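A.B. asks: Numbering (the working numbering), first residue to last: 63 to 529.
Quick reminder that beta carbons are idealized off the backbone N, C-alpha and C, glycines included.
This structure is a prediction, so every number in the text was calculated from the model and none was measured.
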Ligand SMILES: [Zn+2]
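#1: Taking the straight line between their C-alpha atoms, what separation do you get for residue 378 and residue 344?
#2: For the putative contact between residue 160 and residue 273, defined by C-beta atoms under 8 Å, what is the C-beta separation to the nearest angstrom?
#3: Between the C-alpha atoms of residue 308 and residue 450, what's the straight-line distance to the nearest angstrom?
#4: Which residues mark the beginning and the end of the beta strand (DSSP E) in which residue 278 is found?
#5: Please list the terminal residues of the continuous beta strand (DSSP E) segment that includes residue 454.
#6: Going straight from the alpha carbon of residue 216 to that of residue 246, what length do you get?
#7: Which runs of the alpha helix (DSSP H) at least 4 residues long sit entirely within the stretch 207-267? Give them in chain order.
#8: Run through the stretch 337-393 for me and flag every whole alpha helix (DSSP H) of 4 or more residues, listed as ranges in chain order.
#9: When DSSP labels each residue in this structure, what does residue 120 get in the three-state scheme?
#10: Report the option in 129, 443, 155 and 135 whose CA atom is closest to the CA atom of residue 141.
#11: What do you reckon, is the C-beta of residue 611 under 7 Å from a heavy atom of ligand 1?
#12: Once DSSP output is grouped into helix, strand and coil, what is the label at residue 94?
#13: So, is residue 230 buried or exposed, given that buried needs 16 or more other C-beta atoms within 10 angstroms?
#14: Which runs of the beta strand (DSSP E) spanning at least 3 residues fall entirely within the stretch 143-184, listed in chain order?
#15: Per DSSP, residue 137 is paired with what?
#16: Tell me whether the stretch 169-181 and the stretch 205-224 touch, counting them as touching only if at least three CB pairs, one residue from each stretch, are closer than 8 Å.
#17: Would the C-beta of residue 358 count as close to ligand 1, meaning under 7 Å from any of its heavy atoms?
#18: Is residue 420 near ligand 1 - that is, is its Cβ less than 7 Å away from at least one heavy atom of it?
#19: Taking Cβ positions, are residue 166 and residue 520 nearer each other than 8 Å?
#20: Taking contact to mean at least 3 C-beta pairs separated by less than 8 Å, is the stretch 415-433 in contact with the stretch 372-390?
#21: Is the CB-CB distance between residue 296 and residue 268 below 8 Å?
#22: Looking at the secondary structure, which residues open and close the beta strand (DSSP E) in which residue 195 lies?
#23: Using only alpha-carbon positions, find the residue among 342, 360, 85 and 494 that is nearest to residue 469.
#24: Quick check on DSSP: helix, strand or coil for residue 48?
#25: When every heavy atom of ligand 1 is checked, does at least one fall within less than 7 Å of the C-beta of residue 390?
#26: For the 8 Å Cβ check, are there 3 or more pairs between the stretch 432-447 and the stretch 501-511?
#27: If you compare alpha carbons, which of 144, 138, 149 and 172 is closest to residue 157?
#28: So what's residue 65 in DSSP terms, helix, strand or just coil?
#29: DSSP on residue 480, reduced to helix/strand/coil?
#30: Which value, in whole angstroms, describes the spacing of the CA atoms of residue 387 and residue 510?
#31: For residue 131, which three-state DSSP category applies?
#32: Taking buried to mean at least 16 other C-beta atoms within 10 Å of its own C-beta, is residue 434 buried or exposed?
#33: Return no unless some Cβ of chain B is closer than 8 Å to the Cβ of residue 189.
#34: Between residue 287 and residue 251, how many whole angstroms is the CB-CB distance? I'm expecting something under 8 Å.
#35: Please classify residue 396: does DSSP put it in a helix, a strand, or coil?
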């Protein structure tokens, strides 16, 4: 017997509306073309916060507000990469966010993708060197933290994609970075490689002039209140800040406008029939260290059991594949998605895995069940992401619509399900995953960095390493 769909009428309204709506692309275009990167501390970030608040209110959400917090803002300065020998020349580079102002020198050591094996191979040459690693494979932070653990003086991050200029990405994550980190284009990195192959040792100097200033940022929050279990909450969020060198059209905005679309259609068609509460959040400052999500996760207080799930829809509308679901190590919840897929009469690919690198992580640390919408079949790696080329023209409205329709239909089912096979993890279980899960290597490397330097001594260390 075919499965009946108790939400058929609602699904038809929601899907029909989403697939004929021009709202998300109009919003995405304004956020990019009018407000720029929306990087923390810029005027665009403040204008974007205002506009998102206005949108949430215009969709009829309740309790719409900006949740402000202060943090240590990072402000880009001029950066220089000087080759000292065998030739004297300056090549283009940019500071990576949370790079300290510094001047360091060393011989270049190439560590390929920067996995442990690559560092081990060069072990004898790494002390006081300048490490250069290319993007791709593992996350930048793992390469950077290994450079610290192997006593390098500085870190160069080479884009592994030709033609996309320098690649960026934070090296600080919640505090000033330990050693200077800079980004260079594929072509600049290849030039340095050639120089090294032809001449042996290449000595370079990195000069950075970045600044830190106390800064205010805002998460934007709005809710649709549940009727029967208003105290049980599903959080649906995405960050709205991009890196300062880019429009961040796909990362994050292709996901941000999925969140606003979900808010719009759930409010329009389901507002009075929701059992649980759904809270929509536009997180700030993800790119530089998940500041907005940490602020919100901490603000949930001690009574966490009322938060039943957190959706992180970062970049959910990315082009390049079909939409699927990534559950962050929640095998018991898979059957819920499978049942929903049956009702909806479609396949939904479900994966299991967790990383430290986006806004679900602070909630995961508190034991909350989290998940995301992924793009299945998309080639690995960021492509033009985190470069100046993640622009409006690279977005795909059909991918955004697919993600919004999938997200809205799943969340309605989550909000109204009689019971949800989801539980808070206890601290021991979180600790076990932090110790063992292959996706959480960054946590273990960062712990090793703190152990090596002493977390409270980081600032003194930063001053010392700068000579
Ligand atoms: Zn992102």
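C.D. replies: Let me spell this out:
#1: Working through the chain shown from its first residue, we reach residue 378 at position 316. Working through the chain shown from its first residue, we reach residue 344 at position 282. In a straight line, the C-alpha of residue 378 is about 14 Å away from that of residue 344.
#2: Taking the first residue of the chain shown as position 1, residue 160 is located at position 98. Taking the first residue of the chain shown as position 1, residue 273 is located at position 211. Incorrect: roughly 11 Å between the Cβ atoms, too far for contact.
#3: To locate residue 308, count along the chain shown from 1; it is residue 246. To locate residue 450, count along the chain shown from 1; it is residue 388. The alpha-carbon of residue 308 is positioned some 4 Å away from that of residue 450.
#4: By 1-based counting over the chain shown, the position of residue 278 is 216. It spans 273-286 - the beta strand (DSSP E) in which residue 278 sits, taken as one unbroken run.
#5: Here residue 454 refers to the residue found at position 392 when the chain shown is read from its first residue. Counted as a single uninterrupted DSSP element, the stretch harbouring residue 454 is not any beta strand (DSSP E), since DSSP gives it neither H nor E.
#6: Walking along the chain shown from the start, residue 216 turns up at place 154. Walking along the chain shown from the start, residue 246 turns up at place 184. Each residue's alpha carbon lies about 13 Å from the other.
#7: 248-261
#8: 353-361
#9: Indexing the chain shown from 1 puts residue 120 at position 58. Three-state result, residue 120: helix.
#10: The count along the chain shown starts at 1 and reaches residue 141 at position 79. The option with the nearest alpha carbon to residue 141 is 155.
#11: What the structure shows of the chain is the stretch from 63 to 529, and residue 611 is not part of that stretch, so it cannot be assessed.
#12: For the purposes of this step, residue 94 is identified with residue 32 of the chain shown, where counting begins at 1. Looking at residue 94 - three-state DSSP - the assignment turns out to be helix.
#13: Sequence index remark: in the chain shown, residue 230 carries index 168 (1-based). Result: buried.
#14: 151-153 and 164-172
#15: The sequence position of residue 137 within the chain shown is 75, counting from 1. Its beta-bridge partners are 273.
#16: yes
#17: Locating residue 358 in the chain shown gives position 296, where the first residue counts as 1. Answer for residue 358: no, Cβ out of range of ligand 1.
#18: As a working note, residue 420 is residue 358 in the chain shown. Yes, since a heavy atom of ligand 1 falls inside the 7 Å radius drawn around the Cβ of residue 420.
#19: Counting from 1 along the chain shown, the entry for residue 166 is found at position 104. Counting from 1 along the chain shown, the entry for residue 520 is found at position 458. No, the pair does not count as a contact, with Cβ atoms beyond the cut-off.
#20: yes
#21: Position 234 of the chain shown, counted from the start, is the residue given in the question as residue 296. Position 206 of the chain shown, counted from the start, is the residue given in the question as residue 268. Not in contact: residue 296 and residue 268 (Cβ atoms no closer than 8 Å).
#22: Residue mapping note: residue 195 aligns to position 133 of the chain shown, counting from 1. Counting along the chain, residue 195 sits inside the beta strand (DSSP E) bounded by residues 192-196.
#23: By 1-based counting over the chain shown, the position of residue 469 is 407. Residue 342 is the option with its Cα nearest to residue 469.
#24: Nothing about residue 48 can be read from this structure; the chain reaches only from 63 to 529.
#25: Reading the chain shown from its first residue, position 328 is the one you call residue 390. No, ligand 1 has no heavy atom inside 7 Å of this Cβ.
#26: no
#27: In the chain shown, the residue the question calls residue 157 occupies position 95. Comparing alpha carbon positions, the residue from 144, 138, 149 and 172 closest to residue 157 is 138.
#28: Here residue 65 refers to the residue found at position 3 of the chain shown. Residue 65 falls in the coil class under three-state DSSP.
#29: Taking the chain shown and counting its residues from 1, the one referred to as residue 480 is at position 418. In the structure shown, the three-state DSSP call for residue 480 is coil.
#30: As a position in the chain shown, residue 387 is number 325, starting the count at 1. As a position in the chain shown, residue 510 is number 448, starting the count at 1. Distance between the alpha carbons of residue 387 and residue 510 is about 32 Å.
#31: Translated into positions along the chain shown, residue 131 becomes position 69. It is a strand residue.
#32: Working through the chain shown from its first residue, we reach residue 434 at position 372. With 16 or more Cβ atoms within 10 Å of its Cβ, residue 434 is classed as buried.
#33: Absent from the structure is chain B; it holds one protein chain and no more.
#34: Taking the first residue of the chain shown as 1, we reach residue 287 at position 225. Taking the first residue of the chain shown as 1, we reach residue 251 at position 189. Actually they are not in contact, since the Cβ atoms of residue 287 and residue 251 sit about 52 Å apart, beyond 8 Å.
#35: Locating residue 396 in the chain shown gives position 334, where the first residue counts as 1. Residue 396: helix per DSSP, three-state reduction.
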